[in-house]
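*Asks:*
Residue numbers (our numbering): -14 to 208.
See below:
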């Protein structure tokens, strides 16, 4: 039986080999759910839900709804015991990756001993992605960088949600999608708290206390 902990590292290798330039974030909060994997590629953000042989479909219906709001494309990566029936639980535009155990002497397509990865269905463009939700994945300093790049006013008196709406209204969609990916490719968790505090100080707000542990710090990058 394949467990989640056995899947992640080989899956990340497979994604990097398959999709080229990408950056992978684990355990990203999206609305009322948590995405197992958020994969950033040029111009798009993909959500990847892992269902190992030990997992059930109990929460998948609600997870699909949240993934569809935030991500351009979505994939469910499943242990081989789920491969036959998983199509019944996700929309037809979701991609499906099957994960199978191999003999110890064999090397899987991910380059990792013991696992093979098969793309059973390619991920299509998600028709339900909401740009405002997608942009909520960015922090305020990252939004400010996009505003500055496009010569927009600072909009310091507007809420973060209102700033997102103005950016969506004023910037070409394709350019904006590339900007979002760029900001996530460049995100540096070791510096982001300082950037946030610099932004808050410049705008007359109190600094936030430094957290002992920064969530979502773990990531891989193919660049």
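All residues carry an ideal CB built from backbone N, CA and C; glycine is no exception.
1) So within the region 9 to 51, which uninterrupted beta strand (DSSP E) runs reach at least 3 residues, ignoring any that extend past its ends?
2) Please return the same chain residues whose Cβ sits closer than 6 Å to the Cβ of residue 153, not counting the five positions on each side in sequence.
3) Can you name the residues that DSSP bridges to residue 100?
4) Compute the Euclidean distance between the alpha carbons of residue 75 and residue 69, then round it to the nearest angstrom.
5) Around the Cβ of residue 141, are there at least 16 other Cβ atoms within 10 angstroms (buried) or fewer (exposed)?
6) Looking only at its chain, what residues have a beta carbon closer than 8 Å to the beta carbon of residue 27, apart from the 5 residues adjacent to it on each side?
7) For the alpha helix (DSSP H) that contains residue 152, what are its first and last residues?
8) Can you list, in chain order, the residues of its chain whose CB lies under 7 Å from that of residue 91, leaving out five sequence neighbours each side?
9) Applying the 10 Å Cβ sphere with the 16-neighbour rule, what's the burial state of residue 61?
10) Rounding to the nearest angstrom, what Cα-Cα distance links residue 172 and residue 137 in this structure?
11) My output table needs one value for residue 129: the three-state DSSP class, helix, strand or coil.
12) Here's the rule I'm using: 16 or more other beta-carbon atoms within 10 Å means buried, otherwise exposed. How should residue 34 be labelled?
13) Just the C-alpha distance for residue 148 and residue 100, rounded to the nearest angstrom, thanks.
14) Below 9 Å between beta carbons: does that hold for residue 15 and residue 122?
15) With DSSP as the reference, please indicate the residues paired to residue 60 in a beta bridge.
16) Could you compute how far the alpha carbon of residue 50 sits from the alpha carbon of residue 124?
17) Excluding five sequence neighbours on each side, which residues of the same chain lie with their C-beta closer than 8 Å to the C-beta of residue 114?
18) How about residue 105 and residue 81: are their beta carbons less than 9 Å apart?
*Replies:* On the basis of the data shown:
1) 18 to 26 and 29 to 36
2) Stepping through the chain shown from its first residue, residue 153 is reached at position 168. Same-chain partners within the cutoff: 116.
3) As a first step, residue 100 must be located in the chain shown, where it is residue number 115. BP columns for residue 100 point to 86.
4) Taking the chain shown and counting its residues from 1, the one referred to as residue 75 is at position 90. Taking the chain shown and counting its residues from 1, the one referred to as residue 69 is at position 84. Distance between the alpha carbons of residue 75 and residue 69 is about 12 Å.
5) Residue numbering aside, residue 141 sits at position 156 when the chain shown is read from its first letter. Residue 141 is exposed by the Cβ-count criterion.
6) Residue 27 sits at position 42 when you count from the first residue of the chain shown. Taken in chain order, the residues that qualify are 6, 163 and 166.
7) Here residue 152 is taken as the residue at index 167 of the chain shown, counted from 1. Unbroken alpha helix (DSSP H) run through residue 152: 145 to 155.
8) Within the chain shown, numbered from 1, the residue matching residue 91 stands at position 106. Residue placement at residue 91 cannot be trusted, given a pLDDT of 45 that sits under 50; the coordinates are not used to answer.
9) Locating residue 61 in the chain shown gives position 76, counting from the first residue. Label assigned to residue 61: buried.
10) Position 187 of the chain shown, counting from 1, holds the residue named residue 172. Position 152 of the chain shown, counting from 1, holds the residue named residue 137. Their Cα atoms are separated by approximately 21 Å.
11) In the chain shown, residue 129 corresponds to position 144, counting from 1. Looking at residue 129 - three-state DSSP - the assignment turns out to be helix.
12) For this step, residue 34 is matched to residue 49 along the chain shown. Buried: at least 16 other Cβ atoms inside 10 Å.
13) Taking the first residue of the chain shown as 1, we reach residue 148 at position 163. Taking the first residue of the chain shown as 1, we reach residue 100 at position 115. In a straight line, the C-alpha of residue 148 is about 45 Å away from that of residue 100.
14) Translated into the one-based positions of the chain shown, residue 15 becomes position 30. Translated into the one-based positions of the chain shown, residue 122 becomes position 137. In contact: residue 15 and residue 122 (Cβ atoms closer than 9 Å).
15) Counted from its first residue, the chain shown places residue 60 at position 75. Looking at the DSSP assignment, residue 60 forms a beta bridge with 33 and 80.
16) Your numbering for residue 50 matches position 65 in the chain shown. Your numbering for residue 124 matches position 139 in the chain shown. Residue 50 and residue 124: Cα-Cα distance of roughly 23 Å.
17) Counting from one through the chain shown, the residue named residue 114 turns up at place 129. Excluding sequence neighbours, residue 114 sits near 53, 54, 55, 56 and 57.
18) Working through the chain shown from its first residue, we reach residue 105 at position 120. Working through the chain shown from its first residue, we reach residue 81 at position 96. Yes, the pair counts as a contact, with Cβ atoms nearer than the cut-off.
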